[in-house]
Amino acid sequence: MHSYPWDQATATGVGSHPGEDHFEALRTVFGELPMPYLPELPARGVGADMIGRTASLLVELPVEVQPSGWRIADRPGRDHKRARDHLRRDLDALEEVAQGFTGPLKIQICGPWTLVGAIELRHGDKILADAGAVRDVTDSLTEGLAAHIADVRKRVPGASLVVQVDEPGLPGVLAGTVPTASGFSRLAAIEGPLAAARLGQVLSAAEFPIVHCCAPSVPFEVLRTAGAKGISLDAALMRRRDEDALGAAIEAGTAFFLGVVPGTDSRLPDVGVVAKPALELWRRLGFPPEGLAHQVVLTPACGLAGASPAYAKAALAKCRESARVLREDPEEQ
2 MHSYPWDQAT ATGVGSHPGE DHFEALRTVF GELPMPYLPE LPARGVGADM IGRTASLLVE
62 LPVEVQPSGW RIADRPGRDH KRARDHLRRD LDALEEVAQG FTGPLKIQIC GPWTLVGAIE
122 LRHGDKILAD AGAVRDVTDS LTEGLAAHIA DVRKRVPGAS LVVQVDEPGL PGVLAGTVPT
182 ASGFSRLAAI EGPLAAARLG QVLSAAEFPI VHCCAPSVPF EVLRTAGAKG ISLDAALMRR
242 RDEDALGAAI EAGTAFFLGV VPGTDSRLPD VGVVAKPALE LWRRLGFPPE GLAHQVVLTP
302 ACGLAGASPA YAKAALAKCR ESARVLREDP EEQ
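Per this note's numbering, numbering through the sequence shown is continuous, rising by one, with the last residue being 334.
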């Protein structure tokens, strides 16, 4: 049996939350989940978004906001400081809410390929267009993530850290569909081995790294080669053609974080319906049922930033309750 930093029948969230009250979001995730996480609240504005938050971790690569979006800057300015301040406040609140906590705790950053496909160089195109700049950002992000992990460990010493690297942009990077800064053409596709090498460098900073990709066509082979110990995806986007890759990953011990409830307000189904995609996948692929509750973690389909606070809380509770179905004699479900 493979070993994971969580117990059987675990649930967690993807990352983002509605509203601007970071204390309230933290109390929700610690109150509802066996694997709480550090929520992101993009509604707070510049620097609280996924790109700005992670860019604030970069070492010696300050960023700023231009009308076209985030861009590498000559020196740290107001936007960079705002992003750092948001994260510092969140970590201070985490330290307070998580006092005495022991168990799995998840933190999230944006992955290198999504980052370089979104941030522009000082004068011109996106970082993705410049191989040397991509290398520099990867080095900087790896160093910044290591420092971030050390900070979280110091603040929550009883936590077993799971580090989620968000790569929604990776399929587009591999397919060559990322637009240039002008929007008139597309940047050249990146080969799988190079994509895996750069992503793997960032993942190497964490003991238990997982990669989240809520886009269609999750590049399972790239993620496996990069060293992801878990893959987080939207269960509704899984296709039968992916099942060979899914089966190989499950056999290798890769954990799956399956998004099984909508990320925006809707009527939440019964626990049996929520758990069904995981149960059916396991049965179709012929894996022993006793491994299911260890290797699969249930989550919402994506972040909860577009939901109401009440729905966000209910969705996380539903994931927690549904995860128990995976443990309670899945043969009979």
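All residues carry an ideal CB built from backbone N, CA and C; glycine is no exception. No experiment lies behind these values; they were computed from the predicted model shown.
Residue i: which of the options sits nearest, CA to CA?
i: residue 187; options: 29, 173, 104 and 194; result: 173
i: residue 153; options: 71, 303, 107 and 242; result: 107
i: residue 324; options: 4, 214 and 9; result: 9
i: residue 112; options: 196, 105 and 159; result: 196
i: residue 237; options: 210, 281, 291 and 79; result: 281
i: residue 61; options: 47, 76, 48 and 53; result: 76
i: residue 321; options: 201, 29, 4 and 63; result: 29
i: residue 200; options: 136, 103 and 13; result: 136
i: residue 275; options: 78, 318, 150 and 314; result: 318
i: residue 182; options: 191, 159, 213 and 118; result: 118
i: residue 239; options: 316, 260 and 178; result: 260
i: residue 216; options: 270, 232 and 284; result: 232
i: residue 68; options: 88, 87, 110 and 47; result: 47
i: residue 103; options: 177, 53 and 34; result: 34
i: residue 101; options: 70, 157, 92 and 143; result: 157
i: residue 109; options: 252, 49, 72 and 70; result: 49
i: residue 95; options: 37, 147 and 63; result: 37
Specify the secondary structure class of residue i as computed by DSSP and reduced to three states.
i: residue 100; result: coil
i: residue 5; result: coil
i: residue 334; result: Residue confidence is low: residue 334 scores 44 on pLDDT, short of 50, so the model does not pin down where it sits. Its coordinate-derived value is still stated next. Coil, per DSSP.
i: residue 320; result: helix
i: residue 180; result: strand
i: residue 59; result: coil
i: residue 210; result: strand
i: residue 223; result: helix
i: residue 12; result: strand
i: residue 329; result: coil
i: residue 193; result: helix
i: residue 123; result: coil
i: residue 105; result: strand
i: residue 234; result: strand
i: residue 19; result: coil
i: residue 240; result: coil
Does the beta-carbon of residue i have 16 or more other beta-carbons within 10 angstroms, so that it is buried, or is it exposed?
i: residue 155; result: exposed
i: residue 300; result: buried
i: residue 81; result: buried
i: residue 16; result: buried
i: residue 65; result: buried
i: residue 14; result: buried
i: residue 91; result: buried
i: residue 289; result: exposed
i: residue 7; result: buried
Give the C-beta separation of residue i and residue j to the nearest angstrom, bearing in mind that I take them to be a contact with Cβ-Cβ under 8 Å.
i: residue 225; j: residue 250; result: 6 Å
i: residue 248; j: residue 204; result: Incorrect: roughly 22 Å between the Cβ atoms, too far for contact.
i: residue 193; j: residue 219; result: Incorrect: roughly 13 Å between the Cβ atoms, too far for contact.
i: residue 230; j: residue 256; result: 6 Å
i: residue 105; j: residue 161; result: 5 Å
Answer with yes or no whether the minimum CB distance from residue i to chain D is below 8 Å.
i: residue 291; result: Among the chains of the structure shown, chain D does not appear; only one protein chain is present.
Would the C-beta of residue i count as close to the ligand FAD, meaning under 7 Å from any of its heavy atoms?
i: residue 316; result: The ligand content of the structure shown is nil, which means the ligand FAD is not present either.
Practice item. Counting only runs of 4+ residues fully inside the stretch 128-177, write out the alpha helix (DSSP H) ranges in chain order. Key: 132-156 and 171-176
Check your understanding: Which runs of the beta strand (DSSP E), 3 residues or longer, sit entirely within the stretch 249-319?
Key -> 256-262 and 297-301
Check your understanding: Which runs of the beta strand (DSSP E) spanning at least 3 residues fall entirely within the stretch 32-91, listed in chain order?
Key -> 64-67 and 70-73
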